Structure formats: C-alpha cells, structure tokens
Amino acid sequence: MKLQHYLGGLEGLGPVSTETRVFVEEWEKRIFGIHTAMMALSPQLPLPATPSEFRTVWTWADLRKGAESLNPFEYFKFRYYEKWLGGISGYFIDNGYITAEELDALTDEYLSDPSKPLPTGGSPAIDERVVQYLVDGDSPKREATVSYEFEVGDTVNIKNVPSVAHTRLPGFLRNKSGTIETVYEGAYVYLCDTGSDGIGAPMPVYCVRFEPEELWPNNAEQNFSLYADLYAHYVEAPATSGTRA
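The sequence shown: position 99 = 99 (the UniProt record's numbering), numbered continuously.
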C-alpha cells in the first residue's frame, strides 16, 4: 500500500499547491491528448476498427497505476501531468512500443533542437474513433443482477483490503465506520481487475457518510461530514463483538 493513498489527515507533507491553471505548460495539452487517444483506441471498446498500431488495453486505471508506481518521494515532487508523462512513457516501454534507449535518444534530440518539427500523419478513421469515444464515453454502469447487503441508514465498517498495484479505497477510510447515505441503483464495474484489492466485476456501489471525529479523533473541525462512493467489496457489517475484522 503506497503512501500516496494515505494523504487524508496527514500533516507535515509540505506546502499545498494553489495552482489553478488546468495546463501549466503547453506540452501538458499534448499528454492529455495522447492519453485520450489511447483510451479511444483501446481494443476492448466496441468502436470501428482503425489502422492504428495501438493494440493493448489502456484505461484510466492504467494511467493511475503508472503514476502510483512511482517512488512516493518522486510522486510528491512531480506535478499532475508530469506523473501522467511518467506513467504513459513506462506503459509504452513495458508493452514494446518503444525501448527506453529509443525514448532517451528522442528526448535528447528534441531537447537539443526544440524547433524540430513533430511527427505528422494520422488517419481520418482514427480521428473519427477518438471523436466517437468522446461523445459516447465509457460508463462503468452495467445491466447486471446484484443483491444489496445494506440500505440507507445502516452503519458499516470499511475493510482494510490488501492492495498492491492500485486501489480505489482511500487509506484514511480503512478500518473506519460510517453510515450508508445512498444505495446507487444498478451494478458498477471498474476499469481493470485490481486483484487482491477485490474490485473489477459488477457490484453495488454505496455512498457512505463519515463524521470527522471518526476519521481524525481529536484533530478535526466539526459541523461537516465526509462522503465517499465505495464499491461493495470495501464495505462490511460491523462485527457483532464490537471489534473490527
């Protein structure tokens, strides 16, 4: 479990960035575009075939896993799209699209000559698929029959599930208790199977309300609640003995 997942309530992590610009530098727009095109061309989507050579699955989960694989000290050092750049670059290397040596050589080439023209080309079919993806989206909601273990008003505990590469459960909620605020209709999947973390297949999602004193005892402001949408696998009934599993 990475330090990045335990930020809630931690102190002394350094100054908080107040940057309000979506893109700080021009190259960040290109990284956003590359990520969007990769998602649109990912082969699991039911979209028209294109001549693209992109042949492997890429989702928001893969982007997050790439960023979270960074050493925590590196993670906190880089800005938002710098993390994206690292994750995407590592993905292309790991999947054989380019070698680390080739990437380093191209980087040196463009650093030595910033005015060097970028590659051109592309295909109208690729452009059309990207546009269709942006219009259609990729909803996590699925038509599946599921049973709901909890209802609005129930008190629940949050599990401390084992996580390796990626999780959707914030660290500061683990082993805490809350109240079911909303039971979302339908079943929801995640973008990938997270293994021991336990999500991926269609399951219910609950909105859970937490009180600040439960999350940060003797160290929280009052008169507010924190809400988190959590997959059913993360939520369990309180232990009858009064102790948490």
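All C-beta atoms, glycine included, are put in the ideal place defined by N, C-alpha and C. Since we're looking at a predicted model, the values are computed, not measured.
Under the three-state reduction of DSSP, residue 229 is assigned to strand. Distance check between residue 233 and each of 87, 190, 222 and 221 places 190 closest, using alpha-carbon atoms only. Minimum Cα-Cα distance from residue 134 among the listed residues 25, 27 and 39 corresponds to 39. The bridge partners DSSP lists for residue 236 are 157.
Residue range 205–210 is occupied by the beta strand (DSSP E) that includes residue 209. When rounded, the separation of the alpha-carbon atoms in residue 186 and residue 84 is 32 Å. Look at residue 178 here: in three-state DSSP terms it is strand.
Contact annotation: residue 103 and residue 89 have beta-carbon atoms nearer than 8 Å.
Around residue 126, the same chain offers 50 and 52 as residues with beta carbons nearer than 6 Å, after the five sequence neighbours per side are excluded. According to the DSSP secondary-structure assignment, residue 183 is paired through a beta bridge with 206. Comparing alpha-carbon positions, the option among 55, 35 and 54 lying closest to residue 81 turns out to be 35.
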